[in-house]
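Participant: I have a structure here, written as structure tokens, and I will follow up with some questions on it.
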Amino acid sequence: MAIATRVGKVLYDYRRRYNLTAEAMGERTAALGYPISRIAISKIENNNRSGKLDVAELIVLAAAMNMPPLALLYPALPDGEVDLLPQQPARSIVAARWFSGEISRSSIDGSTDPHRIDDERDNLRRIKLSRRRNILQDSIALAERVAAMSEEQQATFVDANPAAIRSMADLDRADLERLTAEMANRGWEIEPDA
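Residue numbers for the sequence shown follow the numbering used here, beginning at 5 and rising by one.
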């Protein structure tokens, strides 16, 4: 798989675009708490590590380049071809969606193995429910902030209706409680006030 090669090219191109030395990039990674030496950066760029790239390096390099790790893994989004697995080409967006837990691998390769499909479905459910829970938490927090702002400045907010905003937050809160209970019943690690 050419992942290390792709990451190395993106790293090299980024440094050239912003006129950064390997040492300066190393300093950025050190500031993030995971120093990557200028020699290691050069080896990553030239793929002189037998195609090896640590996950920690991937994450820190992405942060140092102000991009999500997924964009570093699949720089040819949306339609550039990559290997999903060895000898299994796919469009970059398809590989990115599988990597991030949006779609199953069997939906890409057409597998009909019931055990694999069940495993994938269970794992995708966990990711999707976790995302939904996080979205609800964000929505509730935003609604509470907007309601508080509209109460403070009701004279200047023509369309402000704090009661309606809080009612929407209450609906989201009920959905969040149901979802959190379902996740806890499945034995997933849940922080009640998270």
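C-beta atoms are modelled at their ideal positions from N, C-alpha and C, and glycine is treated no differently.
On the criterion of 16 or more Cβ atoms from any shown chain inside 10 Å, does R149 qualify as buried, or is it exposed?
Facilitator: Flag for R149 reads exposed.
Participant: Run the CB neighbour count on D176, radius 10 Å, all protein chains shown included, and call it buried at 16 or more, exposed below.
Facilitator: With 16 or more other Cβ atoms within 10 Å, it is buried.
Participant: In three-state DSSP terms, what is E193?
Facilitator: Residue state, collapsed to three classes: coil.
Participant: DSSP three-state call for L81: helix, strand or coil?
Facilitator: Three-state result, L81: coil.
Participant: Tell me whether the stretch 93-111 and the stretch 65-82 touch, counting them as touching only if at least three CB pairs, one residue from each stretch, are closer than 8 angstroms.
Facilitator: Result yes; three or more Cβ-Cβ pairs closer than 8 angstroms.
Participant: If you check the beta carbons only, do I48 and G12 fall under 8 angstroms apart?
Facilitator: In this structure, G12 lies closer than 8 angstroms to I48 by Cβ.
Participant: Within this structure, are the beta carbons of P73 and E85 separated by less than 8 angstroms?
Facilitator: Not a contact, by the Cβ cut-off of 8 angstroms.
Participant: Assuming A151 is part of the alpha helix (DSSP H), what are its boundary residues?
Facilitator: 118-156 is the span of the alpha helix (DSSP H), which, as asked, contains A151.
Participant: Consult DSSP for R95 and reduce its assignment to one of helix, strand or coil.
Facilitator: Three-state DSSP puts R95 in a strand.
Participant: Contact check, L15 vs I45 under 8 angstroms by CB: the rounded distance?
Facilitator: At roughly 7 angstroms, the Cβ-Cβ gap stays under 8 angstroms, so L15 and I45 are in contact.
Participant: Is it buried or exposed, W116, if we count other Cβ atoms within 10 angstroms and call 16 or more buried?
Facilitator: In the sequence on display, residue 116 carries Thr and not Trp. So T116 ends up on the exposed side.
Participant: Report the three-state DSSP secondary structure of D174 (helix, strand or coil).
Facilitator: Residue state, collapsed to three classes: helix.
Participant: In whole angstroms, what separates the C-alpha of E181 from that of A34?
Facilitator: Straight-line Cα distance between these residues: approximately 40 angstroms.
Participant: Where does L36 fall in DSSP's three states?
Facilitator: If DSSP states are grouped into helix, strand and coil, L36 belongs with coil.
Participant: Against chain D, with Cβ distances strictly below 8 angstroms, would L57 count as a contact?
Facilitator: Among the chains in the structure shown there is no chain D, since it carries only a single protein chain.
Participant: Alpha carbon to alpha carbon, how far is R42 from A28?
Facilitator: Going from the Cα of R42 to the Cα of A28 covers about 8 angstroms.
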